[in-house]
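Numbering (my numbering), first residue to last: 68 to 1114. C-beta atoms are modelled at their ideal positions from N, C-alpha and C, and glycine is treated no differently. Being a predicted model, the structure only gives us computed values, none of them experimental.
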């Protein structure tokens, strides 16, 4: 990539549009970027980097901070770069995201954007999309571009003087050797994992050995305790043999006990049968006695049942013969009573209606007497309606007078304002002259304050960035402390899970007999003793774990182990990252705060930076406050000057305006007087003082007339309605009297039939009939009681006959004797089963443990071979082989890169030092206990001895770091697919060289600049301007920096 033309607008210290035509320097050679300190020399490289990748060249510069503080609010910040690449021309334009002031106050946000134009006319837009396309086109990313195209101030001197560890960190970032470090970590983790598996295998064998149950003969407790104390896995085969002998002996004993238990169980079954028959006979005899007693109780209740039957028969006659006649009589009686009551109520109603009619007649006469008043009201209403238009004329005249009054007031106010405006304008002339005298130096003071404010803002931004890095370190420490707590929690959980899994497995082994007994069935051999008869199966204890539960607990134990290991690795990486960040922080802080030797810890550094930031922000606020005041003064001065020009013409026109307004006021007052006199004359000829009062009186008269007419009509209607109600009531009374006479005769006939039915049913009076008549519910209940008695008698007789037949020839049995025999047989059975279960449990547990021990011991042999291989790989990759140099895999790869860098660097270093110095990499460590591989010396050909690079002088150090940087750039280019960098920038460092050394350095760079490569040197050293003809000269001004090309 070679820049052709660069445009910067409102970018960095450049306030407006600034162009750099690199094409005027030709296709190769050296050029110099020189000028004042802080004027913006390095900003040119920042602009190229930002145009291509959307980032600045320095890690402390963010895209948001690239907008110029000198720029006008209307200016947009952007960079446009035209460049050539592989013989083709491209153009890229990009602007950052930033805040800029609005013209009328406040801030507005500009979003980041970019566009890339290709040689064929096609284009790509979008901030991220353009960056990705540039990376694809160039073959390198932003980090690699900065490493190969920019040798920054002091960066490679740090690399020259760094120790092996610091240099390793730098190479890891540049050459991405972290993959080899991760391989080392993988080999170490693999060795640790297999080691833990070996330990787990030994623990499993020991646990199974201790879970086995001694029999006291072939396998004793002393043998088990001896294995535990020695803790020697090599004794495992001997232990397996003793347990196998115990299993064989226990199997034979279990078979004998199973036969004896079967015989005893048969005896218990026979006794259970005898007891069951005796209990059945005793229950039958007891039930027969109960049935006979119930039969006697039923016979004693027979007289009461006969009386209930007689009551039921009497109630039946009363219901069927008498009750219908009684109901018919009562209906006719009730109807006669209703008609008698209706006749009485109608007679009372007719009397009340007659009295009410007399009162209504009196009201009607009173309303007819009001006819003269109604005639009077009609006349007044007619007169008022004829006069209403005259009231409206008076109202309009008064309204016009009101409008004329407002006009007179407005004219007076306009005249007053014109006079006041004239006086203000005259006073303004005097004030403006005095104000301009006070503000004559405002512009010069504003420019000086803006420059001071820009410098102070830069310092505050650097301090804030430093404090942000310190906060990141505090956050890292807090994260590590949190990880420590998590590690303790995970460690406790791991131990607890291990204890729980071990305990559950031990219980599981003890319960093997019960677990196996669950699957036993009659006729199938027992897997422990071989017996096909199972008189008493072993019982599983309540809450005993099954195999799935034990596997689940072991899986949880392994999960806790993995979690603990993951947290440990995370803590290790976090601590390493924290240590590196602290080292980088001190270097960064020293560049901002100067001497920080008194700040031994991060807290002291933070306090100093905070204090500096507080002071800087205070100064910045004061400057900003002063700048605001000065900006206001400048704005005010411009306003005063413009206003002064306007005031002269306004004074004369204001005088004419005041005279005109006085004449208008006089005319308005005269028109008002004439209209008011006209309205007053019309109002004197009317009855009421206003239209509203006249309308109110008209409404009152109309309302009174309407109400009087309505009252007369209502009285006439009420009298007519009352006469109609009296006629209707008299006709209804006559009809009801005739019905009552007929109903009385019907009642007498029904009463006679009712008496005849009482005699027919055998009742001598109404009271005897009422006593015999039972409610239907009582009659039904009595009938059910009688039926239940008859059914109970039949069932009892049938049960007595059946039980007497079944109990024939049976007598009561002695249950106590039979129960005593059964208890003795069961006790004997229990003893035999207990002995059998004890041996069965031991036999099951020992078989299970022996099988697990054999399997684990076989696995251990294969695991041991794998572990020894992993251990050798770990020690080799991490440089910890005994008697060998401590060089890890990553350090070996970095050393290869380092050798290639030194090979390229020595070409330039030899030229710049007239063949005196070349770089040497240490190939052996002075102390085999520490890691090495990236330690660096220089070899002095004058005396034939190696020297520490830190012993070089200032000028020698610059030449060495420059040579190292150029070699570094060459290797990075080759590592990026052979990408060729056609333009390179070297930033400062030449001030420490004498004339000869500077000449040698320039000669070396001139060779580098040959063959189509441009090399730009960024420096403020005056002598370089005499040695390099092609120059970009940057000047710092109060309103932003400027530049020009010198060729």
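Is there at least one Cβ from chain B nearer than 8 angstroms to residue i's Cβ?
i           : result
residue 177 : Of the chains in the structure shown, none is chain B; there is only one protein chain.
Where do the ends of the beta strand (DSSP E) carrying residue i lie?
i            : result
residue 1083 : 1081 to 1085
residue 145  : 145 to 152
residue 85   : 81 to 87
residue 69   : 69 to 78
residue 35   : Limits of the chain in this structure are 68 at one end and 1114 at the other, which puts residue 35 out of reach.
residue 98   : 96 to 102
residue 440  : No beta strand (DSSP E) contains residue 440, which is instead part of the alpha helix (DSSP H) from 438 to 505.
If we call anything under 8 angstroms between Cβ atoms a contact, is residue i one with residue j?
i            : j            : result
residue 1107 : residue 80   : yes
residue 782  : residue 431  : yes
residue 135  : residue 77   : yes
residue 690  : residue 520  : yes
residue 803  : residue 389  : no
residue 936  : residue 68   : no
residue 71   : residue 89   : yes
residue 194  : residue 157  : no
residue 956  : residue 247  : yes
residue 786  : residue 420  : no
residue 1099 : residue 1091 : no
residue 979  : residue 1030 : yes
residue 255  : residue 931  : no
residue 924  : residue 272  : yes
residue 317  : residue 910  : yes
residue 324  : residue 903  : yes
residue 295  : residue 306  : no
How long is the line joining the alpha carbons of residue i and residue j, rounded to whole angstroms?
i            : j            : result
residue 126  : residue 529  : Summary for residue 126: the model assigns pLDDT 49, below 50, so the residue's position carries little reliability; its value from the coordinates is reported in the next sentence. Approximately 12 angstroms between the Cα atoms of the pair.
residue 167  : residue 145  : 13 angstroms
residue 442  : residue 459  : 28 angstroms
residue 1057 : residue 159  : 33 angstroms
residue 921  : residue 929  : 13 angstroms
residue 448  : residue 765  : 6 angstroms
residue 1112 : residue 206  : 31 angstroms
residue 702  : residue 505  : 14 angstroms
residue 250  : residue 941  : 10 angstroms
residue 621  : residue 281  : 26 angstroms
residue 996  : residue 949  : Unreliable placement is indicated for residue 996, whose pLDDT of 46 sits below 50; no coordinate value is reported for it.
residue 526  : residue 1008 : 46 angstroms
residue 85   : residue 74   : 6 angstroms
residue 915  : residue 926  : 17 angstroms
residue 1045 : residue 975  : Note that residue 1045 has pLDDT 47, beneath the 50 cutoff, so the model's placement of it is unreliable and the number below is only indicative. If I take the Cα positions, the gap works out to 20 angstroms.
residue 544  : residue 649  : 11 angstroms
residue 502  : residue 509  : 12 angstroms
residue 96   : residue 1053 : 13 angstroms
residue 1088 : residue 542  : 43 angstroms
residue 641  : residue 551  : 11 angstroms
residue 623  : residue 670  : 42 angstroms
Name, in chain order, the residues that DSSP records as bridge partners for residue i.
i            : result
residue 158  : 149 and 184
residue 707  : Its beta-bridge partners do not exist; DSSP assigns none.
residue 331  : According to DSSP, which records beta bridges pairwise, residue 331 is partnered with nothing at all.
residue 192  : 182
residue 1004 : 987 and 1015
residue 1053 : 218 and 1084
residue 864  : Paired residues: none, contrary to the question.
Can you give me the start and stop residues for the alpha helix (DSSP H) that residue i sits inside?
i            : result
residue 1112 : From DSSP, residue 1112 is part of no alpha helix (DSSP H) but of the beta strand (DSSP E) over 1109 to 1113.
residue 117  : 109 to 120
residue 49   : Nothing about residue 49 can be read from this structure; the chain reaches only from 68 to 1114.
residue 209  : 209 to 216
residue 370  : 369 to 384
Under 7 angstroms: does the beta carbon of residue i sit that close to some heavy atom of the ligand ADP?
i            : result
residue 1008 : This structure lacks the ligand ADP; in fact it carries no ligand of any kind.
Give the list of continuous beta strand (DSSP E) stretches no shorter than 3 residues that lie fully inside the region 723 to 792.
none
Whole alpha helix (DSSP H) runs in the region 603 to 661 with 4 or more residues, listed along the chain?
614 to 660
Those runs of the alpha helix (DSSP H) which lie wholly inside the region 790 to 836 and span at least 4 residues
none
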